[in-house]
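Q: Here it is: the structure, laid out below.
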Amino acid sequence: SKMRSSRIKKTKTVCTYCGVGCSFEMWTMGREILKVQPQPESPANGISTCIKGKFGWDFVNSKERLTSPLIRDGERFRRATWEEALDLVAKKLREIKDKYGGDAIEFIASSKGTNEEAYLMQKLARQVFGTNNVDNSSRFCQAPATTGLWRTVGYGGDSGSIQDIYMADLVIAIGTNTAESHPVLATRVKRAHKLNGQKLIVSDLRMHEMARRADLFLHPKPGTDIVWLSAVTKYILDKGWEDKSFIRERVSGFEDYVKSLEPFTMEFAEEATGISKETLMKVANMIHEAKNMVILWAMGVTQHQAGSDTSTAISNLLLITGNYGRHGTGAYPLRGHNNVQGASDFGAMNAYLPGYQPVSDPTVRKKFEDAWHCTIPEKPGLDNNTCLEGIMNGKIRAMYVVGEELVETGSDSNFIRDQLEKLDFLVVEDLFLSETAKYADVVLPASASLEKEGTFVNTERRIQRIYEVMAPLPGTRPDWQIIQDIANRLGARWNYGHPSEIMEEAASLSPIFAGVRYELLEGFKSLQWPVRSDGKDSPLLYEKEFNFPDGKARLYPLKYNPPLSSGLEFDLHLNNGRLLEHFHEGNETYKSPGIRSKVPGTFVEVSPDLAKERGLETGDLVRITSEYGSIKVSVLVSDRVSGKELYMPMNASGDSAVNLLTGRLMDPTAHTPAYKEVSVRLEKITGK
Ligand code: SF4
Numbered sequence: 255s256k257m258r259s260s261r262i263k264k265t266k267t268v269c270t271y272c273g274v275g276c277s278f279e280m281w282t283m284g285r286e287i288l289k290v291q292p293q294p295e296s297p298a299n300g301i302s303t304c305i306k307g308k309f310g311w312d313f314v315n316s317k318e319r320l321t322s323p324l325i326r327d328g329e330r331f332r333r334a335t336w337e338e339a340l341d342l343v344a345k346k347l348r349e350i351k352d353k354y355g356g357d358a359i360e361f362i363a364s365s366k367g368t369n370e371e372a373y374l375m376q377k378l379a380r381q382v383f384g385t386n387n388v389d390n391s392s393r394f395c396q397a398p399a400t401t402g403l404w405r406t407v408g409y410g411g412d413s414g415s416i417q418d419i420y421m422a423d424l425v426i427a428i429g430t431n432t433a434e435s436h437p438v439l440a441t442r443v444k445r446a447h448k449l450n451g452q453k454l455i456v457s458d459l460r461m462h463e464m465a466r467r468a469d470l471f472l473h474p475k476p477g478t479d480i481v482w483l484s485a486v487t488k489y490i491l492d493k494g495w496e497d498k499s500f501i502r503e504r505v506s507g508f509e510d511y512v513k514s515l516e517p518f519t520m521e522f523a524e525e526a527t528g529i530s531k532e533t534l535m536k537v538a539n540m541i542h543e544a545k546n547m548v549i550l551w552a553m554g555v556t557q558h559q560a561g562s563d564t565s566t567a568i569s570n571l572l573l574i575t576g577n578y579g580r581h582g583t584g585a586y587p588l589r590g591h592n593n594v595q596g597a598s599d600f601g602a603m604n605a606y607l608p609g610y611q612p613v614s615d616p617t618v619r620k621k622f623e624d625a626w627h628c629t630i631p632e633k634p635g636l637d638n639n640t641c642l643e644g645i646m647n648g649k650i651r652a653m654y655v656v657g658e659e660l661v662e663t664g665s666d667s668n669f670i671r672d673q674l675e676k677l678d679f680l681v682v683e684d685l686f687l688s689e690t691a692k693y694a695d696v697v698l699p700a701s702a703s704l705e706k707e708g709t710f711v712n713t714e715r716r717i718q719r720i721y722e723v724m725a726p727l728p729g730t731r732p733d734w735q736i737i738q739d740i741a742n743r744l745g746a747r748w749n750y751g752h753p754s755e756i757m758e759e760a761a762s763l764s765p766i767f768a769g770v771r772y773e774l775l776e777g778f779k780s781l782q783w784p785v786r787s788d789g790k791d792s793p794l795l796y797e798k799e800f801n802f803p804d805g806k807a808r809l810y811p812l813k814y815n816p817p818l819s820s821g822l823e824f825d826l827h828l829n830n831g832r833l834l835e836h837f838h839e840g841n842e843t844y845k846s847p848g849i850r851s852k853v854p855g856t857f858v859e860v861s862p863d864l865a866k867e868r869g870l871e872t873g874d875l876v877r878i879t880s881e882y883g884s885i886k887v888s889v890l891v892s893d894r895v896s897g898k899e900l901y902m903p904m905n906a907s908g909d910s911a912v913n914l915l916t917g918r919l920m921d922p923t924a925h926t927p928a929y930k931e932v933s934v935r936l937e938k939i940t941g942k
């Protein structure tokens, strides 16, 4: 009716699930969400969304939302006023700082919060506590990709836009279950493959949807992508198929790099990866025939001990073949959370100030110290992952965690629980009483993305605004206000009235955001960083120069070290990844009845061969044990996996969460846990 439609409010927002960054209008009446309507001008998605963006919003009105601060009272929590809770947080953090120094506290920013909130979190750590102990969950996902790109081309982000992926002649997708993890982006690849004759090579352990569609599917032994990538690059060089003028004009370090490739013969690669020489030569041929190639990758590459090196090998291959700096080319580490790119971009990192300015650089430090009237240590702080060892060693005494379900998304949940127990003080800010929040001394109820303003950065480095769709749920507050209130209780004099003022400050201190202003981001407008001071943005990087002083890319020599494994008595390999319908541990999607009814529980995929060998059928209950823990889960016999490789969705919490099995091995450079390198054994518990 007319009455009804006049009360309908339409607000632009950006999806809070994956890093594709779909934007849409949300139609609401009060707190009721009527419709999600993507727009033709939605820059990343046009008129598409996936099931999560379309239907995954019920959590905002969940009865389980926290609506009052909680203070620990023995084994339980009691409700408290904001005044009391914030005073207590400030008092406790001050005590710990006075007693042990600011480096005794770890700050974790949310990768689902806004850029402005990530910026404030790192400013709180550095200005108020004088520590670089601040990080975000990119440590758990794409930090190794960032390392690989920094080593070779200079910017830690996708080198072009989603449109460039669509335009490529050849897409190589490594360790990415794109159809389920980045659905709308996968749709573009599927369309280009069908309509434009785009070729697709997929390398994965698992025969997922994209693998089935691929022109060529590679199934390397776990953790050996670096070997076939390097061998194919060497083969291209041996054949003289490299882009000689690109290498001559735009790349340095060629001689040393070529030398480092010597061990990567086709014979060695066949042996190490289990992929035949003929198949690898076919890969090289397809690359040679393609005019423009992009490489996409995700956790199947980065969550390995060789995550940074494999990401580097990807970039080396792109450089040797001249596939940077033109439309339809480049490197695309696909970002997981809606704002995991932005949380890193805006400085919630232990070694970088906003805009990837290193804390180790005295000029950079001086700029921030002058602006913030403080002293910033030159040594990088502890990150999300190493802070856990920090707690174990007694160095970290307190943590302030915003919106991160550390217990279930960090590697080795049992270890993490033990460490959180030891903290003198833990404050957790979240929408729900998460498993992590259960260890807190103070829990602060945050507002959801629909209830606040700010900006996110998607996987294309695209900065997009979100507007307030509905007022904050009574009792909750936006993170930026909470962080500001805590800072001011500790003597800071912050006076931000709106997130736009935080962005202004971040832009004034970070060259890559120099021209970012809220006016340029109105409605569906967006900017892809780096943004020059005149407001010109950068949909495509490296057209003329790479991001190094001499403008040249750097080929980076690599060695292959077989993955360390401590689990000799474990005969099976366990892999894990996403389901389309759920997001991570499911704190949000499991609270959506529509989604939950569709995919209620978890399972382990077992290959038909292994099922036969062990007498297993779908529905059987099994115990899976690793060096770190043990879970019970039901079997799904599936030809998506083969041989002795198992697969579990990571979207499960409680007793069957996969991170009860994952361990403490990590990438030595980025410190990302090797979630995908887990040795396990499996025992049948009961029949059907
Ligand atoms: Fe949200 Fe990603 Fe789905 Fe787009 S593809 S609607 S950003 S979860």
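Sequential numbering of the sequence shown, starting at 255, is according to UniProt numbering.
C-beta: ideal position from N, C-alpha, C; glycine also.
1) In angstroms with no decimal places, state the Cα-to-Cα distance between GLY873 and GLU318.
2) State the Cα-Cα distance for the pair LEU774 and ILE766, rounded to the nearest angstrom.
3) Beta carbon of PHE857, beta carbon of VAL876: below 8 angstroms?
4) Over the uninterrupted alpha helix (DSSP H) stretch that includes ASP327, give me the two end residues.
5) Any residues whose CB sits closer than 5 angstroms to a heavy atom of the ligand SF4? List them in chain order?
6) In chain order, what residues of the same chain have a beta carbon less than 6 angstroms from the beta carbon of TYR693, not counting five sequence neighbours either side?
7) At the level of alpha carbons, what is the spacing between THR617 and ALA585?
8) Could you tell me which residues DSSP pairs with PHE331 in its beta bridges?
9) What does a CB cutoff of less than 7 angstroms around PHE686 pick up in its chain, not counting 5 residues either side in sequence?
10) Would you report the Cα separation of ALA741 and LYS345, rounded to the nearest angstrom?
11) Does the distance from the C-beta atom of GLY769 to that of VAL785 stay below 8 angstroms?
12) In terms of residue numbering, what span does the beta strand (DSSP E) encompassing THR879 cover?
13) In terms of residues, what are the limits of the beta strand (DSSP E) holding GLY307?
14) Taking Cβ positions, are CYS304 and ASN592 nearer each other than 8 angstroms?
15) Expressed to the nearest angstrom, what Euclidean distance is found between the alpha-carbon atoms of ASN815 and ALA339?
16) Check each candidate in LYS676, SER933 and PRO793 and name the one with the smallest Cα separation from PHE824.
17) Using the Cβ count rule (16 or more neighbours within 10 Å means buried), how would you classify ALA526?
18) Does DSSP put LYS498 in a helix, in a strand, or in coil?
19) Measure the C-alpha to C-alpha separation of THR385 and PHE802 and round it to an integer number of angstroms.
20) Could you give the first and the last residue of the continuous alpha helix (DSSP H) run that contains GLN595?
21) Does the distance from the CB of ASN387 to the CB of ASN604 come in under 8 angstroms?
22) So, do the segment 508-528 and the segment 466-483 have three or more beta carbon pairs nearer to each other than 8 angstroms?
23) Tell me which residue opens and which closes the beta strand (DSSP E) that LEU812 is part of.
24) So TRP551 and THR629 are supposed to be a Cβ contact under 8 angstroms. How far apart are they, rounded?
25) Could you have a look at GLU799 and say whether DSSP puts it in helix, strand or coil?
26) What number of angstroms, rounded off, separates the C-alpha of GLU295 from the C-alpha of PRO587?
27) DSSP three-state call for LYS676: helix, strand or coil?
28) If you draw a straight line from the C-alpha of VAL594 to the C-alpha of GLU370, how long is it?
29) For MET646, count neighbouring C-beta atoms within 10 Å of its own C-beta (all shown protein chains included) and say buried if the count is 16 or more, exposed if not.
30) Given HIS542, which residues of its chain have a CB within under 6 angstroms of its CB, disregarding the five upstream and five downstream residues?
31) Starting from LEU374 and walking both ways along the alpha helix (DSSP H), at which residues does that stretch end?
32) Determine the closest residue to GLU799 out of ILE426, VAL290 and GLU503, with distance taken between C-alpha atoms.
33) Can you give the Cα-Cα distance for ALA597 and ALA399, rounded to whole angstroms?
A: Quick look at the numbers:
1) Within the sequence shown, numbered from 1, the residue matching residue 873 stands at position 619. Within the sequence shown, numbered from 1, the residue matching residue 318 stands at position 64. If I take the Cα positions, the gap works out to 31 angstroms.
2) Position 520 of the sequence shown, counting from 1, holds the residue named residue 774. Position 512 of the sequence shown, counting from 1, holds the residue named residue 766. Going from the Cα of LEU774 to the Cα of ILE766 covers about 15 angstroms.
3) Residue numbering aside, residue 857 sits at position 603 when the sequence shown is read from its first letter. Residue numbering aside, residue 876 sits at position 622 when the sequence shown is read from its first letter. Contact: no.
4) As a first step, residue 327 is located in the sequence shown; it is residue number 73 there, counting from the start. Taken as a continuous stretch (DSSP letters only), ASP327 belongs to no alpha helix (DSSP H), being part of the beta strand (DSSP E) at 324-327.
5) CYS269, TYR271, CYS272, VAL274, CYS276, THR303, CYS304, LYS306, GLY307, PRO437 and VAL438
6) Against the sequence shown, residue 693 aligns to sequence position 439. Closer than 6 angstroms at Cβ, skipping near neighbours: LEU674 and LEU680.
7) If you number the sequence shown from 1, residue 617 lands on position 363. If you number the sequence shown from 1, residue 585 lands on position 331. One C-alpha to the other measures close to 30 angstroms.
8) Indexing the sequence shown from 1 puts residue 331 at position 77. DSSP lists ARG326 as partners of PHE331.
9) Taking the first residue of the sequence shown as 1, we reach residue 686 at position 432. GLU318, ARG319, LEU320 and ASN841, listed in sequence order.
10) Taking the first residue of the sequence shown as position 1, residue 741 is located at position 487. Taking the first residue of the sequence shown as position 1, residue 345 is located at position 91. ALA741 and LYS345: Cα-Cα distance of roughly 11 angstroms.
11) As a working note, residue 769 is residue 515 in the sequence shown. As a working note, residue 785 is residue 531 in the sequence shown. Contact: yes.
12) Mapped onto the sequence shown, residue 879 falls at position 625. Per DSSP, THR879 belongs to the beta strand (DSSP E) from 875-879.
13) Counting from 1 along the sequence shown, the entry for residue 307 is found at position 53. From DSSP, GLY307 is part of no beta strand (DSSP E) but of the alpha helix (DSSP H) over 305-309.
14) By one-based count along the sequence shown, residue 304 stands at place 50. By one-based count along the sequence shown, residue 592 stands at place 338. No, Cβ-Cβ distance for CYS304 and ASN592 is not below 8 angstroms.
15) The residue given as residue 815 occupies position 561 in the sequence shown. The residue given as residue 339 occupies position 85 in the sequence shown. Spanning the two alpha carbons is a distance of roughly 49 angstroms.
16) One-based indexing of the sequence shown puts residue 824 at position 570. Considering only alpha carbons, the answer is SER933.
17) On the sequence shown, residue 526 is found 272 positions in, with the first residue counted as 1. Buried: at least 16 other Cβ atoms inside 10 Å.
18) Taking the first residue of the sequence shown as position 1, residue 498 is located at position 244. Here LYS498 sits in helix by DSSP.
19) Against the sequence shown, residue 385 aligns to sequence position 131. Against the sequence shown, residue 802 aligns to sequence position 548. About 28 angstroms.
20) Within the sequence shown, residue 595 is the residue found at index 341, counting from 1. From DSSP, the alpha helix (DSSP H) with GLN595 extends over 594-599.
21) The sequence position of residue 387 within the sequence shown is 133, counting from 1. The sequence position of residue 604 within the sequence shown is 350, counting from 1. Yes, they are a contact pair.
22) yes
23) Reading the sequence shown from its first residue, position 558 is the one you call residue 812. It is not in any beta strand (DSSP E) - LEU812 carries neither H nor E in the DSSP assignment.
24) For the purposes of this step, residue 551 is taken as the residue at position 297 of the sequence shown. For the purposes of this step, residue 629 is taken as the residue at position 375 of the sequence shown. No, TRP551 and THR629 are not in contact; Cβ-Cβ is about 39 angstroms, not under 8 angstroms.
25) For this step, residue 799 is matched to residue 545 along the sequence shown. Looking at GLU799 - three-state DSSP - the assignment turns out to be coil, as it is neither helix nor strand.
26) By one-based count along the sequence shown, residue 295 stands at place 41. By one-based count along the sequence shown, residue 587 stands at place 333. Each residue's Cα considered, the two are about 24 angstroms apart.
27) For this step, residue 676 is matched to residue 422 along the sequence shown. Helix, per DSSP.
28) The count along the sequence shown starts at 1 and reaches residue 594 at position 340. The count along the sequence shown starts at 1 and reaches residue 370 at position 116. Looking at the two C-alpha atoms, the distance is approximately 13 angstroms.
29) Locating residue 646 in the sequence shown gives position 392, counting from the first residue. Burial call: exposed.
30) As a first step, residue 542 is located in the sequence shown; it is residue number 288 there, counting from the start. Cβ within range, chain order: TRP495.
31) On the sequence shown, residue 374 is found 120 positions in, with the first residue counted as 1. Run containing LEU374: 369-377, per the alpha helix (DSSP H) assignment.
32) Here residue 799 corresponds to residue number 545 of the sequence shown, with the count starting at 1. Selected option, being the one with the closest Cα: GLU503.
33) One-based indexing of the sequence shown puts residue 597 at position 343. One-based indexing of the sequence shown puts residue 399 at position 145. In a straight line, the C-alpha of ALA597 is about 15 angstroms away from that of ALA399.
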